[in-house]
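Each protein sequence line maps, in turn, to chains A and E.
The opening residue of the first sequence carries number 118 in our numbering; numbering runs sequentially from there.
The opening residue of the second sequence carries number 118 in our numbering; numbering runs sequentially from there.
Note sheet for the following structure.
Number of protein chains: 2
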Amino acid sequence: MEPMDTAVSARSGARGRTRRAILDAAAVVLAKNSGASLGDVAAAAGVGRTTVHRYFAERSDLLKALGADVLEKVAAATDRSRLEDGPALAALERLCQELFELGDALTLVFDESLVATWNWEGWEEDTDADRALARLIERGHAEGAFDPALDVDWIVQTLWSLLYVAWQRGRTGGTKHEALTLCLHTLRKAVSPAP
Amino acid sequence: MEPMDTAVSARSGARGRTRRAILDAAAVVLAKNSGASLGDVAAAAGVGRTTVHRYFAERSDLLKALGADVLEKVAAATDRSRLEDGPALAALERLCQELFELGDALTLVFDESLVATWNWEGWEEDTDADRALARLIERGHAEGAFDPALDVDWIVQTLWSLLYVAWQRGRTGGTKHEALTLCLHTLRKAVSPAP
DNA sequence: CACGAGTGGAACACTGATGTTCCAAAACTG
DNA sequence: CAGTTTTGGAACATCAGTGTTCCACTCGTG
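Set out below in structure tokens:
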């Protein structure tokens, strides 16, 4: 009855739930202010500051776990998108929709000072998700569905930045659905070959 | 003997130069890590920490001045772009080129925790530059040069995010010129009406 | 219901950044 | 070159965040 499979597994009921609460709260709080204190995170999670330290000894441990958590979510979203299926453009749009659901988590990927934390820890090597996306884009290029003037890296970065902007928009002004529509619409035109 | 005319004026030779050095260094350092210490900024500017305090009493004063400085630069870039002249798309591309030259300064605009600092200080009301850009986009809509599905705010945000991504690319990988080309190419397709 | 796991809060030492003061050295100005 | 301006650095008090320990409380689960 011990999951303990890969890196981060669901602990026994009570602990697992608290851990999640802290991680989720941290994502929300740190997305707004990457310099927020652990006290802020604790408050947002509805737990005591001591409890946070009980789960993550040091601040950097929390940040590292948060990074791993985001990575896991991205991996799951990528998986669900089945990037190998159907037309490349449609697959990219599926991925976009899935990633959009990650919410504040995707904001973290954009934070320089946050990413720097887990940058010097054997990271930076591409994940499976990164590779899958790269393969999709190459396929799109081969199929003539993607603009050949835009290299893989540029399309990846553009995708993320449009997601970021769309998420910010949903946070302040209009509907999330409307924001996603704009994002997809813009992305489609951006990656399609010039007419 | 008191300049103090408008907001930020050029002080007497020596002082003005030091002030600029600090402001420029702050832009570079804070762009990379918004939580950098004043000591870091001082070191990057090649001045003593005391000197920084001499020009900006509190940290928030430096941040505020930095914000004003960026705004000023954006205003100047907008001005140079002459947004009222010629086709809307061409004008937007001119603006894009000018803003790209701002370098690290444009990264600051993207930093949530930085913007938050000067957000609660009577800011947020649109500047002249904001209005000029909004007018340009509306003109583009009227001329049929811009996609009617994209509202003003979305186009503005997209412009800034593409600039951000392009600048990051220039910082790590390829040429600045190459990055700008990709940025312009993508922006053009993104804002043009769907075929 | 009883017992242990899980928790919150107070108290503490410690660290790094901040902001201030003072003074001697350097830089600029006339 | 004399006099003022500007500067760097040392020393200092202060403060907020961090990380630790301890103890009493309250869950939930058997």
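Ideal Cβ positions, reconstructed from N, Cα and C, are used throughout, including at glycine.
Bounding residues of the alpha helix (DSSP H) (the contiguous stretch that carries residue i)
i         : result
Leu231(A) : 229-234
Val164(E) : Neither: Val164(E) is in no alpha helix (DSSP H) and is coded neither H nor E.
Ala174(E) : It is not in any alpha helix (DSSP H) - Ala174(E) carries neither H nor E in the DSSP assignment.
Ala138(A) : 130-149
Thr298(A) : 293-308
Proximity winner among the options, relative to residue i (alpha-carbon distances)
i         : options                                    : result
Ala266(E) : Ala161(A), His302(A), Thr135(A), Phe173(A) : His302(A)
Gly220(E) : Glu189(E), Ala185(E), Trp284(E)            : Trp284(E)
Ala251(E) : Ser230(E), Glu229(E), Gln274(E)            : Gln274(E)
Thr292(A) : Pro310(A), Lys181(A), Ile272(A), Phe217(A) : Phe217(A)
Gly133(A) : Lys181(A), Gly152(A), Arg171(A), Ala161(A) : Arg171(A)
Asp268(E) : Leu280(E), Glu255(E), Leu279(E)            : Glu255(E)
Ala161(E) : Gly184(E), Arg137(E), Glu175(E), Glu242(E) : Arg137(E)
Thr168(E) : Leu280(E), Ala131(E), Thr289(E)            : Ala131(E)
Leu188(E) : Ala153(E), Gly152(E), Leu140(E)            : Leu140(E)
Thr135(A) : Gly184(A), Glu175(A), Arg166(A), Trp271(A) : Arg166(A)
Ile272(E) : Asp270(A), Asp264(A), Ala307(A)            : Ala307(A)
Ser309(A) : Tyr281(A), Leu179(A), Leu276(A)            : Leu276(A)
Gly317(A) : Leu183(A), Ala142(A), Gly152(A), Val282(A) : Because residue 317(A) is not part of the residues shown, which for chain A are 118 to 312, the question remains open.
Gly152(A) : Arg305(A), Glu175(A), Asp270(A), Ser230(A) : Ser230(A)
Asp228(A) : Asp264(A), Gly184(A), Val191(A), Ala194(A) : Gly184(A)
Ala208(E) : Asp186(E), Leu253(E), Ala192(E), Arg288(E) : Leu253(E)
Leu304(A) : Arg288(E), Gly287(E), Leu279(E), Thr289(E) : Leu279(E)
Asp264(E) : Asp186(E), Pro312(E), Asp178(E), Arg176(E) : Pro312(E)
Asp270(E) : Tyr281(A), Gly290(A), Asp178(A)            : Gly290(A)
Residue i beta carbon near the ligand MG (any heavy atom closer than 7 Å)
i         : result
Thr275(A) : With respect to the ligand MG, the structure shown offers nothing to examine, as it has no ligands at all.
For the structure I just gave you, are there three or more beta carbon pairs, one from the region 199-206 of chain E and one from the region 254-267 of chain E, closer than 8 Å? Flag = yes, the region 199-206 of chain E and the region 254-267 of chain E touch.
Members of the region 136-170 of chain A that neighbour chain E once the beta carbon cut-off is set at 8 Å: Taken in chain order, the members of the region 136-170 of chain A whose beta-carbon sits within less than 8 Å of a beta-carbon on chain E are Ala148, Lys149, Asn150, Ser151, Gly152.
Three or more C-beta pairs under 8 Å: does that hold for the region 222-239 of chain E against the region 140-147 of chain A? By the Cβ criterion, the region 222-239 of chain E is not in contact with the region 140-147 of chain A, since fewer than three pairs of Cβ atoms, one from each stretch, lie closer than 8 Å.
Please give me, in chain order, every unbroken run of the alpha helix (DSSP H) with length at least 4 that falls completely inside the region 208-284 of chain E. Taking only runs of at least 4 residues, the alpha helix (DSSP H) segments lying wholly in the region 208-284 of chain E are 221-225, 229-234, 245-260.
At a CB distance below 9 Å, what residues from the region 223-247 of chain A approach chain E? Give them in sequence order. Legend: CB atoms of the region 223-247 of chain A lying less than 9 Å from CB atoms of chain E belong to residues Thr224, Phe227, Asp228, Glu229, Ser230, Ala233.
Hey, is the region 229-239 of chain E in contact with the region 154-172 of chain A, meaning 3+ C-beta pairs nearer than 8 Å? Using a C-beta cut-off of 8 Å, the region 229-239 of chain E makes no contact with the region 154-172 of chain A, since fewer than three inter-stretch Cβ pairs fall below that distance.
Could you name each continuous beta strand (DSSP E) segment of 3 residues or more that falls completely within the region 175-205 of chain A, going from the start of the chain to the end? Restricted to the region 175-205 of chain A, not a single beta strand (DSSP E) segment is unbroken, complete and at least 3 residues in length.
Pairing CB atoms from the region 192-199 of chain E with CB atoms from the region 210-221 of chain E, are three or more of them under 8 Å? By the criterion of at least three beta-carbon pairs nearer than 8 Å, the region 192-199 of chain E is in contact with the region 210-221 of chain E.
Relative to chain A, which residues along the region 194-217 of chain E have a C-beta separation below 7 Å, given in chain order? From the region 194-217 of chain E, no residue has a Cβ closer than 7 Å to chain A.
Tell me, please, whether the region 294-308 of chain A touches the region 242-249 of chain A by the rule of three or more beta-carbon pairs shorter than 8 Å. Taking 8 Å as the limit for Cβ pairs, the verdict is that the region 242-249 of chain A does not touch the region 294-308 of chain A.
Contacting positions in the region 282-302 of chain E - beta carbon closer than 8 Å to chain A: Against chain A - using a Cβ distance shorter than 8 Å - the residues of the region 282-302 of chain E are Val282, Gln285, Arg286, Gly290, Leu299, His302.
Could you name the residues of the region 253-268 of chain E whose beta carbon sits closer than 9 Å to any beta carbon of chain A, in the order they occur along the chain? When C-beta distances to chain A are compared with 9 Å, the residues of the region 253-268 of chain E below that value are Asp264, Ala266, Leu267, Asp268, in chain order.
Could you name the residues of the region 171-195 of chain E whose beta carbon sits closer than 8 Å to any beta carbon of chain A, in the order they occur along the chain? Look at the region 171-195 of chain E: it has no residue with a C-beta under 8 Å from a C-beta of chain A.
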